[in-house]
Amino acid sequence: MKRLDILGIHVDKVTKEEALNTFKKLIASDGCQMIITPNSEIVMSATKDHHLRTIINDADMVIPDGIGLVYASRIIGQPLRERVTGIDFLESALNYLNQIKGSIFLLGSKPGVANKAAEKMKEKYPDLLISGTYHGYFGEGDEEAVIQMINDARPDFLCVALGSPKQEKMVKKYQEQLKAKAAIGIGGSLDVWAGELKRAPKFYQDYGLEWLYRLIQQPSRYKRMAALPAFILKVFFRRNKK
Ligand code: UDP
7 MKRLDILGIH
17 VDKVTKEEAL
27 NTFKKLIASD
37 GCQMIITPNS
47 EIVMSATKDH
57 HLRTIINDAD
67 MVIPDGIGLV
77 YASRIIGQPL
87 RERVTGIDFL
97 ESALNYLNQI
107 KGSIFLLGSK
117 PGVANKAAEK
127 MKEKYPDLLI
137 SGTYHGYFGE
147 GDEEAVIQMI
157 NDARPDFLCV
167 ALGSPKQEKM
177 VKKYQEQLKA
187 KAAIGIGGSL
197 DVWAGELKRA
207 PKFYQDYGLE
217 WLYRLIQQPS
227 RYKRMAALPA
237 FILKVFFRRN
247 KK
């Protein structure tokens with residue numbers, strides 16, 4: 007896979023199909039492979055957070071999520087061939103796991119949400135095995151017990167929805183111990199699956215305006231969303247400095 011360097015953060019230039027093919031290989035290999043789907047906000051944090059940057063740069067697959075990274079790739083002159091959102095990648099991974107009767111563990115979101123998301127996934131993908139779910143509001147002292155619970159369930163795919171960078175840092179911390187074949191941070195995707203949060207309608211998706219739709223739904227996120235224009239400007243000025 008070709009990697010693109012955006013502000014020192016490496017992302018894979020993958021199409022939807024390539025991301026799925028890589029996923030198939032990752033869950034067939036030994037150890038717990040790590041998949042990350044950074045958006046511009048995460049890339050901005052990673053420019054300041056050395057640990058997060060290392061986690062992303064060492065990951066087994068880094069799928070550029072969000073329109074900000076597509077714009078950045080164009081500014082750099084190495085355009086991403088396709089926008090692959092984290093939620094779309096999750097959908098194709100679930101579809102594949104359904105075909106092979108694979109299993110998932112859903113960790114994160116408010117109590118009840120992961121369960122509800124699991125029910126919805128099961129309705130859509132009846133052959134998918136849900137090996138376990140657990141909410142995301144546990145303390146650091148409970149982490150070992152949570153990892154044990156996941157390992158007892160031995161899922162093929164561990165989906166962690168704790169928000170970024172918490173989810174990436176937790177997976178990295180326990181990667182060696184984890185008995186899942188692959189793990190991914192999925193942010194708010196369980197909320198969307200459970201119906202707690204609506205995904206942007208197609209119009210917003212097609213025009214790269216998912217951020218606007220999310221802002222309308224969750225106006226309190228406006229400060230976090232300022233990362234998008236700040237990110238684009240940073241990429242632009244960095245390019246002109248070179
Ligand atoms: N979350 C969690 N535990 C925490 C903090 C957040 O389980 O300690 C969950 C939260 O309920 C939400 C998810 O993490 O379902 C993603 O949060 P956010 O929307 O901030 O993430 P993003 O999609 O922006 O990465």
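Numbered per the numbering used here, the sequence shown spans residues 7 to 248. C-beta: ideal position from N, C-alpha, C; glycine also.
heavy atom of the ligand UDP below 7 Å from residue i C-beta
{"i": "Ala-167", "result": "yes"}
{"i": "Lys-175", "result": "no"}
{"i": "Asp-94", "result": "no"}
{"i": "Tyr-143", "result": "yes"}
{"i": "Ser-170", "result": "yes"}
{"i": "Ser-226", "result": "no"}
{"i": "Leu-100", "result": "no"}
{"i": "Gly-108", "result": "no"}
{"i": "Gly-14", "result": "no"}
{"i": "Lys-126", "result": "no"}
{"i": "Gly-114", "result": "yes"}
{"i": "Gly-72", "result": "no"}
{"i": "Leu-58", "result": "no"}
{"i": "Asp-197", "result": "yes"}
{"i": "Gly-194", "result": "yes"}
Neighbourhood of residue i by C-beta distance below 7 Å, restricted to the same chain and skipping five residues each side
{"i": "Met-231", "result": "Trp-217 and Leu-221"}
{"i": "Asp-197", "result": "Ser-115, Val-119 and Leu-203"}
{"i": "Arg-87", "result": "Lys-19 and Thr-21"}
{"i": "Ser-195", "result": "Gly-92, Ile-93, Leu-96 and Ala-167"}
{"i": "Gly-255", "result": "With the chain covering only 7 through 248, there is no way to say anything about residue 255."}
{"i": "Ala-123", "result": "Leu-112, Leu-196, Trp-199 and Ala-200"}
{"i": "Lys-128", "result": "Leu-134 and Ile-136"}
Three-state secondary structure (DSSP) of residue i
{"i": "Leu-215", "result": "coil"}
{"i": "Ile-184", "result": "One point to set straight first is that residue 184 is Leu, not Ile, in the sequence displayed. Looking at Leu-184 - three-state DSSP - the assignment turns out to be coil, as it is neither helix nor strand."}
{"i": "Arg-80", "result": "helix"}
{"i": "Gln-224", "result": "coil"}
{"i": "Leu-32", "result": "helix"}
{"i": "Arg-9", "result": "strand"}
{"i": "Phe-243", "result": "helix"}
{"i": "Leu-86", "result": "coil"}
{"i": "Leu-112", "result": "strand"}
{"i": "Ile-48", "result": "helix"}
{"i": "Phe-163", "result": "strand"}
{"i": "Val-17", "result": "strand"}
{"i": "Ile-41", "result": "strand"}
Limits of the alpha helix (DSSP H) - the one that residue i falls within
{"i": "Gly-138", "result": "Note, Gly-138: premise wrong, no alpha helix (DSSP H); beta strand (DSSP E) at 135–140."}
{"i": "Ala-99", "result": "92–105"}
{"i": "Arg-205", "result": "From DSSP, Arg-205 is part of no alpha helix (DSSP H); its letter is neither H nor E."}
{"i": "Ile-61", "result": "56–64"}
Proximal residues to residue i (C-beta, below 6 Å), its chain only, five neighbours per side dropped
{"i": "Tyr-219", "result": "Ala-206 and Tyr-210"}
{"i": "Leu-135", "result": "Ser-109"}
{"i": "Ile-48", "result": "Ser-170"}
{"i": "Asn-104", "result": "Tyr-131, Asp-133 and Leu-134"}
{"i": "Pro-161", "result": "Ser-109, Ile-110, Phe-111, Ser-137 and Ala-186"}
{"i": "Ala-25", "result": "Ile-69, Val-90 and Phe-95"}
Bounding residues of the beta strand (DSSP E) (the contiguous stretch that carries residue i)
{"i": "Gly-118", "result": "Segment: none, Gly-118 is in no beta strand (DSSP E) and carries neither H nor E."}
{"i": "Asn-192", "result": "Rather than Asn, the amino acid found at residue 192 in this sequence is Ile. Premise fails: Ile-192 is in no beta strand (DSSP E) and is neither H nor E."}
CB contact check: residue i to chain B, cutoff 8 Å
{"i": "Met-127", "result": "The structure shown has no chain B; it contains just one protein chain."}
Close-in-space but distant-in-sequence residues of the same chain around residue i (CB under 8 Å, 5 per side omitted)
{"i": "Arg-192", "result": "In the sequence on display, residue 192 carries Ile and not Arg. These residues qualify, in order along the chain: Thr-43, Gly-92, Ile-93, Leu-96, Gly-114, Cys-165, Val-166, Ala-167 and Gln-173."}
{"i": "Val-152", "result": "Leu-113, Tyr-140 and Phe-144"}
{"i": "Met-176", "result": "Glu-149, Val-166 and Leu-168"}
{"i": "Thr-53", "result": "Leu-13, Gly-14, Ile-15, Arg-59 and Lys-240"}
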